[in-house]
Amino acid sequence: MFQNLNDPRRTQWRNSEDELLKAFVMKYGTNSWSRISCTLRYKTPNQCRERWNEYLNPVLQVRKWSPKDDENLLRLAKAFPNQWKTIATTLSRSAQQCLTRFDEIVYAETASHSVGGILGSPFDASAPNELVESGVVYPHTQPPNADATTLDQDEVIALKEGYSRLANVQNKKERTRLKKAVQEHNHSKIKLRRYRDLQRAGLIDKDNDFSSIGDNGSDDTTKKPSSAPINISNETSREGTSRVQVMVDASNHANTKLTSFRSHESNYDSCTFNLNYEECKALGTVFPTEPTFW
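Counted the way our numbering counts, the sequence shown spans residues 1 to 294.
Here it is in structure tokens:
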């Protein structure tokens, strides 16, 4: 279906569209203009962005221009030529407001010098504007039009769609997060029920933590460890004895050495460096060999 580009609904703004735009900016922010424009049937993303930045933004000042504001505007226009975004940020106004007011001041100044001041002072806000006289009108900077008493079917559908999207406070991410939380809650309930059934059947102890129970009902804490991958009980060493017996003998020999070392250490503590080896031997101190530091 072809769309009429000359339709005034595509350029002019109404009160209902302004209210919807404010609500969607509060919901989606100022970086999702494509998403916001989908809810406004006759507006593009650029139109929505310009309408917000030039008219609906609450940061913008809508009061009349004072002589002090005009002086600041002329000073900034001289310091930053053709940088209306920077000037608008400094004055807390829109770029279009600054440009329009600058044209009014320049036109009034030129007319006052040429006609002799008939058209008023340079700061006269009622001075004619070249942009207005030439027919250049920016719809995104104009006040909204009143809503019609009878709306077309397309407009009614667009408004209903916008209101329905505003009513949908919980978006897809929140619904998915809620669904996942419900699934985890149900899974924990099923796991607890399985643990109680196994405990009632006597398959697990009451002191066991049910967190060790797997999804198949098995308890990892009561499992017997598996045997070694290599069985060495039947293997023999080079001397013909069992390898297991060799390991046991080595362990016993190490324990004997450790006990002997501890007894020698206790006997050595009873001696002093003033006694020689013979005197320590007479006192009952036994050394395996004669100390090398005497």
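Backbone N, C-alpha and C fix where the C-beta goes; we use that ideal spot for every residue, glycine too.
Around the C-beta of arginine 51, 16 or more other C-beta atoms lie within 10 Å, and the residue is accordingly described as buried. Burial state of glycine 202 is exposed, judged by a 10 Å Cβ sphere holding fewer than 16 other Cβ atoms. Residue state for arginine 41 is assigned as coil, using DSSP reduced to three classes.
With a 10 Å radius around the Cβ and a threshold of 16 neighbouring Cβ atoms, glutamate 174 comes out exposed. For the pair leucine 159 and alanine 23, the CB atoms are not nearer than the 9 Å cut-off. Between asparagine 57 and serine 94, the C-beta spacing is below 9 Å.
The Cβ atoms of leucine 40 and leucine 60 lie no closer than 9 Å to each other. Assigned with DSSP and collapsed to three states, arginine 63 falls in coil, not helix or strand. Within the same chain, Leu20, Thr39 come within 6 Å of glycine 162 by CB-CB distance, once the 5 residues on both sides are set aside. In this structure, DSSP gives arginine 14 an extended state, which the three-state scheme calls strand. Judged by DSSP secondary structure, tryptophan 84 falls within the alpha helix (DSSP H) whose first and last residues are 84-91. The Cβ neighbour count for leucine 192, taken over all protein chains shown within 10 Å, is under 16; the residue is labelled exposed.
Nearest in C-alpha terms to glycine 29, of all of Ser66, Thr100, Asn53, is Asn53. Here aspartate 197 carries a helix assignment [DSSP, helix/strand/coil].
Nearest to glutamate 104 by alpha-carbon distance, out of Lys78, Ala79, Lys189, Asp70, is Asp70. For threonine 256 and aspartate 249, the gap between their C-alpha atoms comes out near 10 Å. Here asparagine 72 carries a helix assignment [DSSP, helix/strand/coil]. Inter-residue distance for leucine 99 and valine 25 is about 26 Å (C-alpha atoms, whole angstroms).
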